[in-house]
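Each residue of the sequence shown is one higher than the one before, starting from 1201 at the first, in our numbering. One structure is given here, and the rest of the page talks about it.
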Amino acid sequence: MAIRKLLVLTAGSVMLLSATGASAADVYPASPAPAMAAPAKEDWYLTLGVSARAEPQYPGSDTYQARFAPVISLKRASGLTAFDSIDDNPSIALFDTGKFRIGATGKIDFGRDEDDADKLRGLGNVDPSLEIGAFTEFYPWDWLRLRAELRYGFGGFEGLGG
């Protein structure tokens, strides 16, 4: 009787193991890949404003004057945390990795009249000029931005500046 129980248990174990092995060998069709969602369109943010500052009437002057300038910023939502200085010239990034940017920049210099101050008499007027060029920015850390510009001036000022 003990041998019979042993044979029944052994046969039952063999059938159980063979059934599990058979199910492991079954091939099931692969489940379909989840549908890829279309990339979300990123929002753009436009900021308009006016900056005001006191600056010398001309470089080296002891007389200061108020200057107003428009503030125009158009950024993608992912760029809202990037540092911007009020002194940045208008620029557009043509290549942007998030940590490194290269693009075009420009500036308008409104010139100078020799009538603005007695010290300028005899130096002549300097006509307004347009400066266009390129910039590069590097963000080694979130809190530090390194920026360089190289522009060429046309009009009252002709030559390289940065």
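Glycine included, C-beta positions come from ideal geometry on N, C-alpha and C.
Shown here, Asp1318 sits in a helix according to DSSP, grouped into three states. For the 9 Å CB-CB criterion, Tyr1245 and Arg1276 form a contact. Gln1257 and Asp1316 have their C-alpha atoms some 8 Å from each other. Between the C-alpha atoms of Gly1333 and Ala1348 there is a straight-line separation of about 11 Å.
Inter-residue distance for Gly1260 and Leu1320 is about 11 Å (C-alpha atoms, whole angstroms). DSSP places Ser1291 within a strand segment (E or B) once states are collapsed to three. Between the segment 1299-1314 and the segment 1333-1343, the count of C-beta pairs closer than 8 Å reaches three or more; the two stretches touch.
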